[in-house]
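Peer 1:
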Ligand code: TXA
Ligand code: MG
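Numbering (the numbering used here), first residue to last: 101 to 414.
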């Protein structure tokens, strides 16, 4: 059910959960003022309790309320806020309930670049919000996706189709430097341009992971098979085992093709990704080949990671 802005403010203040638009994906939001409200998010999403949530803020004043320390190094990243960058800080345990943090001493924070959402946050105060999908499923990039997962009666603030179509990048400052915890809408290269060698790249880290990374992610019900090269995809395409291909406009196949747009147009490909992954189930395809022949540079790294996860590799 689409609800008005006023109704969204009212429901959130009453301690209820509302799906909200952001520039990345839709979020399932609740006020952090009440752990009971946040608990409802875990219930709706069927989310494991040990996977912490991102807290969204409208301004730096709200940041001061929820963290105990803002490291000097943070100010270098100011140009990314508002925007799709989530930064992990030391949490103020008085204002950020344990359920939001999954018991950790830290809190992941993001200042979104979405006019409607920022306006909402100014009225409600900080909101905890994971992506608005059932745990394990592809994230929601439209109201329709939210309704598919949570039912037509679920309250959603409509902000149209999301701009990036993929989640924020998550980073954390550790003693050894900035750690890249989750690939997302901001590439490692863009961050490195600002942070230089103090950002540990994915390849130099043993396990760049958020607590959530151990869980199944972004997967349709269909079985997806990842093909790292076009020749492998071609060979597999000829077997009668597969119903369709998730690929690009130049993917050669005789099977039905769900296209992410032109190959290596990573921004466009990511914007289409979850919509296409969800279409696989809508069209009742059961076995799908995935064209993974992508340049692993910039946002290509995010795209590859999401495709591999959708295929079931962790
Ligand atoms: O773009 C986004 O980030 C969207 C929109 C709604 O803001 N949100 C989102 O939330 O993707 P979610 O819950 O699907 O993913 C949050 C990720 C998880 O992998 C979680 O483990 C990690 O952030 N995370 C949350 N709190 C953390 C913390 N204190 N330390 C390390 N990782 C944390
Ligand atoms: Mg998620």
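Glycine included, every Cβ here is placed at the ideal spot set by N, Cα and C.
If we require 3 or more residues per run, which beta strand (DSSP E) segments fall completely within the region 109-197?
Peer 2: Complete beta strand (DSSP E) runs here, min 3: 118-120, 127-131, 154-156, 185-190.
Peer 1: Using the three-state DSSP reduction, which class does residue 272 fall into: helix, strand or coil?
Peer 2: Walking along the chain shown from the start, residue 272 turns up at place 172. Three-state result, residue 272: strand.
Peer 1: Just tell me which of 328, 279, 390, 299 has its CA closest to the CA of residue 319.
Peer 2: Sequence index remark: in the chain shown, residue 319 carries index 219 (1-based). The shortest C-alpha separation from residue 319 is found at 390.
Peer 1: Does the beta-carbon distance from residue 262 to residue 123 come in below 9 Å?
Peer 2: The residue you call residue 262 lines up with position 162 of the chain shown. The residue you call residue 123 lines up with position 23 of the chain shown. Taking 9 Å as the Cβ cut-off, residue 262 and residue 123 qualify as a contacting pair.
Peer 1: How many angstroms separate the CA atom of residue 231 from the CA atom of residue 283?
Peer 2: Residue 231 sits at position 131 when you count from the first residue of the chain shown. Residue 283 sits at position 183 when you count from the first residue of the chain shown. Computed Cα separation, rounded: 15 Å.
Peer 1: Using only the heavy atoms of the ligand TXA, determine whether one of them is closer than 8 Å to the beta carbon of residue 245.
Peer 2: Residue numbering aside, residue 245 sits at position 145 when the chain shown is read from its first letter. Result no, Cβ not under 8 Å from the ligand TXA.
Peer 1: How long is the line joining the alpha carbons of residue 379 and residue 211, rounded to whole angstroms?
Peer 2: The residue labelled residue 379 in the question sits at position 279 within the chain shown. The residue labelled residue 211 in the question sits at position 111 within the chain shown. Distance between the alpha carbons of residue 379 and residue 211 is about 30 Å.
Peer 1: Is residue 244 helix, strand or coil when you go by DSSP?
Peer 2: Mapped onto the chain shown, residue 244 falls at position 144. Helix.
Peer 1: By DSSP, does residue 208 sit in helix, in strand, or in coil?
Peer 2: The count along the chain shown starts at 1 and reaches residue 208 at position 108. Residue 208: strand per DSSP, three-state reduction.
Peer 1: Considering only residues of the region 274-300, which uninterrupted beta strand (DSSP E) runs meet the minimum length of 3 residues and lie entirely inside it, listed in chain order?
Peer 2: Runs found: 277-282.
Peer 1: Can you tell me which of 367, 257, 240, 228 puts its alpha carbon nearest to the alpha carbon of residue 136?
Peer 2: By 1-based counting over the chain shown, the position of residue 136 is 36. Of the listed residues, the one whose Cα sits closest to residue 136 is 228.
Peer 1: Are the CB atoms of residue 412 and residue 404 nearer to each other than 9 Å?
Peer 2: In the chain shown, counting from the first residue as 1, residue 412 sits at position 312. In the chain shown, counting from the first residue as 1, residue 404 sits at position 304. Cβ atoms of residue 412 and residue 404: not closer than 9 Å.
Peer 1: Output needed for residue 167: all residues of its chain with C-beta closer than 8 Å, excluding positions within five of it in sequence on either side, in chain order.
Peer 2: Locating residue 167 in the chain shown gives position 67, counting from the first residue. So the qualifying residues of the chain are 189, 190, 191, 192, 207, 209.
Peer 1: Among 351, 355, 348, 329, which residue has its Cα nearest to the Cα of residue 338?
Peer 2: Counting from one through the chain shown, the residue named residue 338 turns up at place 238. Per the Cα distances, 355.
Peer 1: Could you give the DSSP three-state label for residue 413: helix, strand or coil?
Peer 2: For the purposes of this step, residue 413 is taken as residue 313 along the chain shown, with counting starting at 1. Coil.
Peer 1: Go ahead and label residue 296 buried or exposed: buried means 16 or more other beta carbons lie within 10 angstroms of its beta carbon, across all protein chains shown.
Peer 2: Translated into the one-based positions of the chain shown, residue 296 becomes position 196. With fewer than 16 Cβ atoms within 10 Å of its Cβ, residue 296 is classed as exposed.
Peer 1: Starting from the Cα of residue 155, find the closest Cα among 345, 163, 149 and give me that residue.
Peer 2: The sequence position of residue 155 within the chain shown is 55, counting from 1. The shortest C-alpha separation from residue 155 is found at 163.
Peer 1: Skipping 5 residues on each side, what residues in its chain have a beta carbon closer than 8 Å to that of residue 132?
Peer 2: For this step, residue 132 is matched to residue 32 along the chain shown. Around residue 132: 138, 155, 166, 195, 196, 197, 200, 225, 226, 227, 228.
Peer 1: Quick check on DSSP: helix, strand or coil for residue 228?
Peer 2: Within the chain shown, numbered from 1, the residue matching residue 228 stands at position 128. Three-state result, residue 228: strand.
Peer 1: Please determine whether the Cβ atom of residue 231 lies at a distance below 8 Å from any heavy atom of the ligand MG.
Peer 2: Position 131 of the chain shown, counted from the first residue, corresponds to residue 231. Residue 231: yes, Cβ under 8 Å from the ligand MG.
Peer 1: Out of 148, 182, 375, 152, which one is the CA nearest neighbour of residue 160?
Peer 2: Here the question's residue 160 lines up with position 60 in the chain shown. The shortest Cα separation from residue 160 among 148, 182, 375, 152 belongs to 182.
Peer 1: Specify whether the region 394-409 and the region 369-378 touch according to this definition: at least 3 beta carbon pairs, one from each stretch, less than 8 Å apart.
Peer 2: A contact exists between the region 394-409 and the region 369-378.
Peer 1: Taking the straight line between their C-alpha atoms, what separation do you get for residue 241 and residue 120?
Peer 2: Position 141 of the chain shown holds residue 241. Position 20 of the chain shown holds residue 120. For residue 241 and residue 120, the distance between alpha carbons rounds to 11 Å.
Peer 1: Given the structure, does residue 284 come close to the ligand MG, in the sense that its CB is under 8 Å from one of the ligand's heavy atoms?
Peer 2: Reading the chain shown from its first residue, position 184 is the one you call residue 284. Not under cutoff, so the answer is no.
Peer 1: Could you check whether the Cβ of residue 268 sits closer than 8 Å to any heavy atom belonging to the ligand MG?
Peer 2: Position 168 of the chain shown, counted from the start, is the residue given in the question as residue 268. False, no ligand heavy atom lies under 8 Å from that Cβ.
Peer 1: Per DSSP, what are the beta-bridge partners of residue 347 in this structure?
Peer 2: To locate residue 347, count along the chain shown from 1; it is residue 247. 359.
Peer 1: Who are the Cβ neighbours of residue 112 in its own chain at under 6 Å, not counting the five residues just before and after it?
Peer 2: Here residue 112 corresponds to residue number 12 of the chain shown, with the count starting at 1. Within the same chain, residue 112 has close Cβ partners 118, 131, 224.
Peer 1: DSSP state of residue 253, grouped into three classes?
Peer 2: Your numbering for residue 253 matches position 153 in the chain shown. In the structure shown, residue 253 sits in coil (DSSP, three-state: anything other than H, G, I, E or B).
Peer 1: Along the chain, where does the alpha helix (DSSP H) containing residue 421 start, and where does it finish?
Peer 2: The chain is shown from 101 up to 414; residue 421 falls before or after that span and cannot be answered.
Peer 1: First and last residue of the beta strand (DSSP E) that includes residue 323?
Peer 2: Stepping through the chain shown from its first residue, residue 323 is reached at position 223. Per DSSP, residue 323 belongs to the beta strand (DSSP E) from 323-327.
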